[in-house]
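Read in order, the letters of the sequence shown are residues 19 to 132 in the working numbering. Ideal Cβ positions, reconstructed from N, Cα and C, are used throughout, including at glycine. The model shown is predicted, which means the values in this text are computed figures rather than measured ones.
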Amino acid sequence: MNAPELATRFNMLAAAYALSAALLALCCIVAWSAWSSFKQNADLLWLGAFLVGLLVQVGSMWEALVLKDAIRLLNPSLLASFADTTRLRLPFAAFQVVATFLTFMAFRARRSDF
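Written out as structure tokens, the structure reads:
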């Protein structure tokens, strides 16, 4: 694999993390508004969990972008190693977007189902 293709993979990885971060930011807003409306401490715990998740997603996105910028410094064997790990990380990043969306839907449905 060449460096431009690996850079494209890192861009896709960063985009998946950014999408998850945007969903978690929406979750934070919804949790804050739920806490403001109902004043339940569970909503503050949800807000804290969403904020921690948001920080993790932003950190993962930052890591992907830093690694993309460092590609030109890698030797061919290390480049191949990063290509293999990125190939494995992409499906998990896509699954993480779906899991974040399902968590958001579960958070929104918690009052109507119980």
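- Between residue 106 and residue 60, the alpha-carbon positions lie close to 35 Å from each other.
- Check the Cα spacing between residue 87 and each of 45, 19, 25: the tightest is with 25.
- For residue 29, the enclosing alpha helix (DSSP H) stretches over residues 21 to 56.
- With a cutoff of 8 Å on beta-carbon distance, residue 46 and residue 69 are scored as near each other.
- With fewer than 16 other CB atoms across the displayed protein chains lying within 10 angstroms of its CB, residue 91 is exposed.
- Pairing residue 89 with residue 101, the inter-Cα distance amounts to about 10 Å.
- Nearest in C-alpha terms to residue 62, of all of 32, 19, 48, is 48.
- Residue 65 carries a helical assignment under DSSP once its states are collapsed to helix, strand and coil.
- For residue 103, the number of other beta carbons within 10 angstroms of its own is below 16, and it is reported as exposed.
- If you draw a straight line from the Cα of residue 77 to the Cα of residue 41, it is about 15 Å long.
- Excluding five sequence positions before and after residue 126, the CB atoms of its chain that fall closer than 8 Å to its own CB belong to 48, given in chain order.
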